[in-house]
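Trainee: Positions in the sequence shown are counted from 1; adding 23 to them yields the working numbering. Where is the CB? At the ideal position from N, CA and C, for every residue including glycine. This is the structure, below, for whatever I ask next.
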Amino acid sequence: MKKLIFLLFTIILISCKSTQLDSKKSPILLDISKETDDNAIVNLKNYSNDFVFDMKYATDDNFLKEKLYPCAECFLRVKTVKSLLEANKAFSQKGYKIKLFDCYRPIAIQKKMFKIVPDPNFVANPKKGSIHNRGGAVDISLVDSLGVEVNMGTKFDFFGEEASHNYQNLSEEILANRKFLKKIMLQNNFKSFDSEWWHYNLNGSNTDKVENLKWYCN
24 MKKLIFLLFT
34 IILISCKSTQ
44 LDSKKSPILL
54 DISKETDDNA
64 IVNLKNYSND
74 FVFDMKYATD
84 DNFLKEKLYP
94 CAECFLRVKT
104 VKSLLEANKA
114 FSQKGYKIKL
124 FDCYRPIAIQ
134 KKMFKIVPDP
144 NFVANPKKGS
154 IHNRGGAVDI
164 SLVDSLGVEV
174 NMGTKFDFFG
184 EEASHNYQNL
194 SEEILANRKF
204 LKKIMLQNNF
214 KSFDSEWWHY
224 NLNGSNTDKV
234 ENLKWYCN
């Protein structure tokens, strides 16, 4: 009987861990190279202090005008974090840091977003799932050594042709900034998304599982 109770308790614990992500910060920075499961979803802040976080969907400062995440966290698969750390290292060597707007996104939130903007050019159809839902996408910009955000020509989540990498009717400064961002990201195992200068997907992440894991806040 005791063995049965213990087994049931273990199953409950495993079930809870599989449906929720913990936002509690580790007391010390962890070494991403020691993570053996590349597909595990982890919290970026536990592996680096060198990012700037402006998680838009944890506020009402987004195109939906409402808060969607319980708190501002950036969860990603381990393999995505590994490449993102390398990209940020490359930016840091040139005096910049990555600023994050969005990372992993539960599929339930994706469905809500698509109802508001049912245009797959800007919001992935939840029937297929976004790379955000797979833990392989980041929405980013850059800040300089003074913490000032680099001019990319539009705001994050701007739904218009001006946000596209292919749009050229911009100043030389803006075009150069976008090119710089894209160059470093592509060199570090990411690929760009044509209609959004801020969106980058980890190569090969389109085959990963769509997740609906949610997080609780400490």
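1) Measure the Cβ-Cβ separation of S106 and Q133 and say whether it is below 8 Å.
2) Quick one: which unbroken beta strand (DSSP E) runs of 3-plus residues sit fully inside the region 73–114? Chain order, please.
3) Identify the continuous beta strand (DSSP E) that holds F124 and give its terminal residues.
4) For G159, is the classification buried or exposed, using 16 other Cβ atoms within 10 angstroms of its Cβ as the cut-off for buried?
5) Do I207 and A110 count as a contact pair if the criterion is CB distance below 8 Å?
6) Does DSSP put N212 in a helix, a strand or coil?
7) List the residues that DSSP assigns as beta-bridge partners of N66.
8) Could you pull out every residue in the same chain whose Cβ sits closer than 6 Å to the Cβ of S56, ignoring the five residues on either side in sequence?
9) Considering just the uninterrupted stretch of the beta strand (DSSP E) at A160, what are its terminal residues?
10) Would you call the CB atoms of S49 and N241 closer than 8 Å?
11) Thinking C-beta only, is F98 closer than 8 Å to D130?
12) Please name the residue in S71, D84, D167 whose C-alpha comes closest to that of A125.
13) Return the bridge partner residues of E219 from the DSSP annotation.
14) Report the residue from K150, G170, Y70, M136 whose alpha carbon sits nearest the alpha carbon of D77.
15) Check for me: the alpha helix (DSSP H) holding K135 runs from which residue to which?
Mentor: With the given structure in hand:
1) By 1-based counting over the sequence shown, the position of residue 106 is 83. By 1-based counting over the sequence shown, the position of residue 133 is 110. Taking 8 Å as the cut-off, the beta carbon of S106 is found no closer than this to the beta carbon of Q133.
2) If we require 3 residues or more, the beta strand (DSSP E) runs fully inside the region 73–114 come out as 98–100.
3) Here residue 124 refers to the residue found at position 101 of the sequence shown. Per DSSP, F124 is one residue of the beta strand (DSSP E) stretching across 120–125.
4) Translated into positions along the sequence shown, residue 159 becomes position 136. Classification for G159: buried.
5) Taking the first residue of the sequence shown as position 1, residue 110 is located at position 87. Taking the first residue of the sequence shown as position 1, residue 207 is located at position 184. For A110 and I207, yes; Cβs fall inside 8 Å.
6) In the sequence shown, counting from the first residue as 1, residue 212 sits at position 189. Coil at N212, not helix or strand.
7) For the purposes of this step, residue 66 is taken as residue 43 along the sequence shown, with counting starting at 1. Answer is F98.
8) Taking the first residue of the sequence shown as 1, we reach residue 56 at position 33. So no residue of the chain qualifies.
9) Along the sequence shown, one-based indexing puts residue 160 at 137. Start and end: 160–166.
10) As a first step, residue 49 is located in the sequence shown; it is residue number 26 there, counting from the start. As a first step, residue 241 is located in the sequence shown; it is residue number 218 there, counting from the start. The Cβ-Cβ distance between S49 and N241 does not fall below 8 Å.
11) Translated into positions along the sequence shown, residue 130 becomes position 107. Translated into positions along the sequence shown, residue 98 becomes position 75. What sits at residue 130 in the sequence shown is Ile, not Asp. In this structure, the beta-carbon distance from I130 to F98 does not fall below 8 Å.
12) Numbered from its first residue, the sequence shown carries residue 125 at position 102. Residue identity differs from the one stated: residue 125 is Asp in this sequence, not Ala. Sorting S71, D84, D167 by C-alpha distance to the C-alpha of D125 places D84 at the top.
13) Here the question's residue 219 lines up with position 196 in the sequence shown. Beta-bridge pairing links E219 to F216.
14) Position 54 of the sequence shown, counted from the first residue, corresponds to residue 77. Ranked by Cα distance from D77, the options K150, G170, Y70, M136 are led by G170.
15) In the sequence shown, counting from the first residue as 1, residue 135 sits at position 112. Element bounds for K135: 130–139.
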